[in-house]
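Line by line, the protein sequences are chains A and B. For the first sequence, my numbering assigns the number 2 to the initial residue and increments by one for each residue that follows. For the second sequence, my numbering assigns the number 2 to the initial residue and increments by one for each residue that follows. First comes the structure, then the notes that go with it.
There are 2 protein chains.
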Amino acid sequence: MISGLRPANGRPLGRRLVLGLHGQRCQLHYDGRNRVSNFWIPTGGITKKPMEGSNEDANDLLIRGGFLRQAYSGIFHLLPLGLRVQDKLERLIDKHMRSLGASKVSLSSISAQELWEKSGRLTEGSGSEKNQMFRFHDRKNARFLLAPTHEEEITSLVGSLTTSYKTRKYRDETRPRQGLLRGREFIMKDLYTFDYNVPEALKTYKLVKHAYTQLFEELKIPYLVAAADSGNMGGSLSHEFHFISPKGEDRVVSCSHCDHVYNEELADGKTHQFKESEGQSTVPGFQTEDAQVGGGATVSNGMWMAISHDGNTLLRGWYPKYSMQEGSSEPVERHVNSHAVKAIAEAAGVDLDLSVENPKAKWAAHVRSRSSSQKRRILDLYDSQVRVYQRPPLSDLLQEVGCSAADVEYSKLDRFPGTSNQLSLVRVHDGDNCSQCADGSLTSNPAVELGHTFHLGTRYSEVLQASVSVNQAVLDGSAESSAKSSKEQIVPMQMGCHGIGVSRMISAVANRLADSKGLNWPRVIAPYEVAIIPNKGLNSVAEQIYDSLTSKSVDTLLDDRDKGMGWKLGDADLIGYPVNVVVGNGWKKNQMLEVQCRRLGVKKDVSMDDLPAFVEGLLSQL
Amino acid sequence: MISGLRPANGRPLGRRLVLGLHGQRCQLHYDGRNRVSNFWIPTGGITKKPMEGSNEDANDLLIRGGFLRQAYSGIFHLLPLGLRVQDKLERLIDKHMRSLGASKVSLSSISAQELWEKSGRLTEGSGSEKNQMFRFHDRKNARFLLAPTHEEEITSLVGSLTTSYKTRKYRDETRPRQGLLRGREFIMKDLYTFDYNVPEALKTYKLVKHAYTQLFEELKIPYLVAAADSGNMGGSLSHEFHFISPKGEDRVVSCSHCDHVYNEELADGKTHQFKESEGQSTVPGFQTEDAQVGGGATVSNGMWMAISHDGNTLLRGWYPKYSMQEGSSEPVERHVNSHAVKAIAEAAGVDLDLSVENPKAKWAAHVRSRSSSQKRRILDLYDSQVRVYQRPPLSDLLQEVGCSAADVEYSKLDRFPGTSNQLSLVRVHDGDNCSQCADGSLTSNPAVELGHTFHLGTRYSEVLQASVSVNQAVLDGSAESSAKSSKEQIVPMQMGCHGIGVSRMISAVANRLADSKGLNWPRVIAPYEVAIIPNKGLNSVAEQIYDSLTSKSVDTLLDDRDKGMGWKLGDADLIGYPVNVVVGNGWKKNQMLEVQCRRLGVKKDVSMDDLPAFVEGLLSQL
């Protein structure tokens with residue numbers, strides 16, 4: 002699979018294949034060395050380099066570099082380079098999961114719809130999740146689906162295997178090769194943990210979080226561990242592992258001083274003051290028009306609307322659209338955090354539908370329809386940074402809709418229901434003060450989620466009957482001595498669910514480290530650690546270098562293609578090997594090799610003897 | 002995940018986890034050693050040992066031994082032991098594919114129905130293949146299917162990547178993790194090859210067949226390489242790799258003397274005499290009732306019927322139901338080979354439908370229906386071993402059906418259409434003479450197909466437009482010197498498709514080597530090569546042995562569970578480690594270890610010093 006390769010210089014070849022190329026015949030080497038000629042990398046000629054100034058993102062680079070090919074929208078074939086990266090990443094994950102004592106299993110990607118009905122995930126919920134599943138029938142009309150995740154199957158498996166055992170802790174890593182969700186098809190590495198009570202489950206949770214941290218450390222790319230909302234997974238305690246990325250769909254807020262890091266989605270709508278005494282009323286109540294409450298000065302207010310799922314309640318959020326920030330003379334524009342508003346509304350008994358684009362129009366239609374006898378409602382929320390209107394501007398709205406104040410039930414909130422916390426409706430702006438420490442200021446970054454840890458509790462184990470019989474004394478965590486005399490009790494297992502997105506990690510790493518010349522890979526998942534790039538006629542020197550590096554366990558590739566040096570260097574930059582060793586003019590002149598490492602900005606002449614140590618020194622930083 | 006394990010003897014532990022068991026607390030070791038306590042093997046308590054005399058097959062053993070668990074009919078989850086076997090088998094396949102210079106890719110398991118319509122496989126054919134595919138729509142109503150195989154996708158991929166290249170040979174291994182076919186879900190390792198002309202493709206074919214042979218040699222289990230019918234794959238040249246197995250769905254015929262081995266399905270209905278002079282007419286024609294033709298004496302004739310797809314033709318095959326065989330005084334009962342009859346009928350222009358259970362009744366109904374003006378047909382075939390009736394018994398049949406001889410067109414055949422070969426309608430019986438050599442006798446065995454090699458030609462590359470531009474001189478294989486002056490021509494690539502069934506191989510190996518005590522694994526795919534089984538109180542000696550074996554790269558497992566020796570030995574026999582090392586009474590008495598190898602019938606006391614060499618000696622035979 003290589004062009005114009007000359008025969009090896011007298012070395013014995015393990016096997017030869019003849020291949021035709023451009024009407025010539027040449028020989029393919031199988032001497033056990035990793036040669037580009039033996040390896041299918043359809044680079045270069047495939048896609049033309051983009052025009053100057055056009056935006057090529059990492060995904061384009063992955064395709065142009067020959068890592069993958071798009072088959073259909075959201076569905077990719079992995080070519081050899083991409084498969085190598087993926088295999089290395091999977092091995093890295095395996096290593097850290099083994100350190101936890103996790104056992105690896107492979108669960109079928111086919112699951113019965115019935116099982117998902119039992120857990121409620123096929124029938125409940127917003128519909129977005131269930132609509133994203135591919136369902137089908139077999140010839141006997143049994144109903145299956147392509148499982149996007151495996152909580153149901155693993156719980157059912159562990160449940161079925163545990164009945165004859167007593168209290169045990171299981172650690173099971175699933176490897177659903179081809180799950181389907183959102184991006185259609187992707188690979189996840191999931192870890193499911195089962196414990197017999199909450200304290201044990203939380204110990205396990207801590208260990209898993211530590212192992213994930215170690216794993217991300219090995220990639221040597223800055224990451225954030227954020228407290229997270231566990232969404233529809235049904236749990237309470239959870240963390241997310243993020244890379245900061247302009248392409249990220251999440252926003253992660255972090256403090257410059259303390260370890261306060263969280264996903265913006267987690268905002269609960271409460272103000273959390275770290276200082277006790279702020280001279281404010283500690284009893285819930287309105288401070289109308291006569292007091293400016295806490296924080297920086299609001300320059301102008303904004304109003305933001307949403308409507309309840311039943312269409313009956315129009316919510317208006319009053320927030321500081323522009324406000325001053327400490328240390329800055331320019332006002333900053335603020336945006337509503339819809340997650341925070343939704344949380345406040347929920348606590349007030351209103352279920353917001355954030356997907357409605359024009360809430361006012363929908364509410365107006367509802368008012369006019371007179372479809373129910375229920376009185377229409379308006380609920381005003383006031384951010385702690387804005388003045389509460391004693392008489393909020395209502396008439397315009399009512400006039401527009403065509404009803405009178407008497408037709409509408411009006412209420413307002415400036416405290417979080419059931420607490421004395423004031424409301425926070427806005428998203429964090431860079432430079433805001435941290436609510437957890439005295440000294441920090443916050444930063445908000447777009448981020449891409451790559452891993453998560455969830456404590457799930459008994460959400461699945463109860464409905465799918467994965468229970469264990471435990472000694473009551475053990476369950477209580479009481480003294481061992483009394484254990485034997487206590488009663489056995491059957492309890493559902495406490496489950497944890499932890500996952501790393503393999504496919505997504507590949508593209509996130511590519512994105513994070515790509516520059517104008519091409520991709521860049523961290524050593525631990527690079528398709529090869531070092532590429533040796535010889536000029537024409539220097540193949541035997543290149544083989545010597547290859548052997549000296551591989552003898553030190555460096556994962557090396559030899560670019561033995563019959564192409565010019567410039568073409569090969571450009572190709573190596575595009576693919577993003579951590580280190581390139583150039584065997585060119587320097588060798589011819591004074592037997593020196595040029596070692597290039599784009600990521601560290603290194604370009605240095607090194608002798609053959611010094612090469613292994615020098616290369617290892619670079620790799621240890623990557 | 003282990004019971005009652007005592008703390009390690011002063012060795013530093015990498016990490017500890019506390020787990021509850023039977024109301025006690027014990028510690029889990031993570032010292033880097035492979036310990037059963039760290040590994041999820043739900044054996045023993047899961048399924049009770051079967052009753053004396055009941056039949057437990059290898060699949061039952063795989064389940065009872067904790068290798069896999071059935072999720073749904075035909076759909077399995079792989080537990081850690083099973084996943085280890087599968088990983089090793091995949092690595093073995095990878096190794097031999099790399100020796101071919103094959104590059105590994107991972108193709109999506111989702112494929113567009115449109116692509117399969119182009120190749121005709123979704124619309125043509127008997128219907129059994131297309132009905133076995135799971136199809137579904139996405140939310141935009143694009144039509145997909147779960148690809149059971151990847152000829153379409155790889156051809157389309159190679160085609161799309163090759164346009165900008167010239168003549169090239171691609172070798173691409175796909176790894177469809179979860180294809181679906183027949184047994185619902187299985188893993189295949191496929192190799193697709195692309196060449197620019199037939200001679201090159203046949204060279205490639207030979208190399209692949211050689212690599213497959215090497216691979217099967219490493220399993221050290223007898224196998225057969227049979228010439229095969231390539232079924233609906235559309236090719237001509239193909240071979241199958243089989244294990245002989247009473248559970249096999251194929252029958253493979255092999256000669257005791259020469260290399261004539263073939264799948265019974267390949268029978269073409271011709272007699273193939275290796276001797277020229279048999280005293281027979283060399284001109285096609287009937288020898289009626291006055292001559293017994295060749296072979297052993299027929300004791301009594303049988304008659305076998307089939308009907309054409311259009312229902313118009315009733316075929317009767319006259320064959321030797323009982324005949325004498327050389328060297329035996331008892332007549333042997335013979336059976337019709339329906340593949341042979343179908344081949345003869347096809348050559349005579351009749352398309353048989355072998356799925357009809359009662360051909361006579363169907364033909365009678367057709368005769369009575371008078372649905373078409375076409376004259377009803379009866380076609381009689383005569384095996385070379387039976388006398389041809391001058392007046393075959395027809396009247397009973399016609400009377401039964403209710404028509405006269407005039408209503409029916411009658412014809413008979415005793416030669417293969419277009420040749421002078423006589424007909425062979427029967428299946429090979431053990432002891433029949435080989436048709437390829439003078440000295441061999443044939444054996445027919447049930448067998449399970451584990452691998453295949455196919456030369457596909459341009460079946461897919463033509464319709465999916467995977468073409469290359471080749472120099473005419475290269476295409477013709479003519480001299481290199483003239484190549485440059487010749488014209489370029491665009492030709493569809495010659496494709497080969499080669500596969501090994503990974504899931505199926507695991508169960509076939511299990512079947513082949515299981516005995517009454519449990520499973521047995523060949524060294525190369527055993528979950529572990531050696532299990533060390535210490536008696537209580539001997540864990541530290543066991544650790545010493547573990548370290549000495551692993552230092553010699555022996556893949557070792559330490560059964561450190563707090564169970565009795567009998568239980569652990571029974572469990573090891575069930576799981577089928579190639580070699581067990583027992584640290585028990587022999588150690589206490591005189592520091593000797595008992596090495597057990599059930600497959601080789603070895604049970605021997607060995608000293609600690611001699612152990613590594615002795616174990617390696619056993620493993621090299623397994």
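Just so you know, even glycine gets a beta-carbon here, dropped at the ideal spot from N, CA and C. The structure presented is a predicted model; accordingly, all values stated were derived computationally and were not measured.
Classification of residue i by the beta-carbon crowding that lies within 10 angstroms, buried from 16 upward
i              : result
L601 (chain A) : exposed
R371 (chain B) : exposed
S374 (chain A) : exposed
T194 (chain A) : buried
W522 (chain B) : buried
R369 (chain A) : exposed
H138 (chain A) : exposed
W568 (chain A) : exposed
Q215 (chain B) : exposed
A614 (chain B) : exposed
A467 (chain B) : buried
R505 (chain B) : buried
K564 (chain A) : buried
Of the residues the options, the one placed nearest residue i, counting alpha carbons only
i              : options                           : result
L62 (chain A)  : A:G519, A:P493, A:K210 and A:Y263 : A:G519
C624 (chain A) : A:E266, A:E241 and A:V226         : Outside the shown range of chain A, which is 2 to 623, sits residue 624 (chain A), and nothing can be said about it.
K105 (chain A) : B:W319, B:Q592 and B:V86          : B:V86
G350 (chain B) : B:S385, B:L414, B:A366 and B:V357 : B:L414
S1 (chain A)   : A:G270, A:K569 and A:V449         : Lying before the first or after the last residue shown, residue 1 (chain A) is absent from chain A, which here runs from 2 to 623.
K343 (chain A) : A:K376, A:M306 and A:P393         : A:M306
Q423 (chain A) : A:L395, A:C438, A:Y383 and A:R460 : A:Y383
S246 (chain A) : A:S508, A:G458 and A:Y206         : A:S508
G328 (chain B) : B:G432, B:V402, B:N446 and B:K190 : B:G432
N472 (chain B) : B:A59, B:H138, B:Y197 and B:K537  : B:Y197
R36 (chain B)  : B:L570, B:D560 and B:K590         : B:D560
G83 (chain A)  : A:E334, A:K96 and A:F68           : A:F68
K190 (chain B) : B:E57, B:T150, B:S608 and B:R34   : B:T150
Where the alpha helix (DSSP H) through residue i begins and ends
i              : result
R513 (chain B) : V503 to L514
Q400 (chain A) : S396 to V402
L267 (chain A) : It is not in any alpha helix (DSSP H) - L267 (chain A) carries neither H nor E in the DSSP assignment.
I345 (chain A) : S339 to A348
S541 (chain A) : N540 to T551
A143 (chain A) : Counting along the chain, A143 (chain A) falls outside any alpha helix (DSSP H), and DSSP gives it neither H nor E.
S445 (chain A) : Counting along the chain, S445 (chain A) falls outside any alpha helix (DSSP H), though it belongs to the beta strand (DSSP E) covering L443 to G458.
Within-7 Å CB hit, residue i to chain B
i              : result
K569 (chain A) : no
I76 (chain A)  : yes
I111 (chain A) : yes
E91 (chain A)  : no
A72 (chain A)  : yes
P81 (chain A)  : yes
Boundaries of the beta strand (DSSP E) in which residue i is found, first to last residue
i              : result
F244 (chain A) : S239 to I245
L316 (chain A) : T314 to S324
E219 (chain A) : Segment V199 to L220 is the alpha helix (DSSP H) holding E219 (chain A); no beta strand (DSSP E) there.
Test: residue i CB closer than 7 Å to a CB of chain A
i              : result
K376 (chain B) : no
W305 (chain B) : no
K105 (chain B) : yes
*Only counting runs of 3 or more residues, tell me where the beta strand (DSSP E) segments fall wholly within the region 367-437 of chain B, in order along the chain.*
377-383 and 409-414
*Taking only runs of the beta strand (DSSP E) that begin and end inside the region 573-617 of chain B, which ones reach a length of at least 3 residues, in chain order?*
580-584, 593-598 and 603-608
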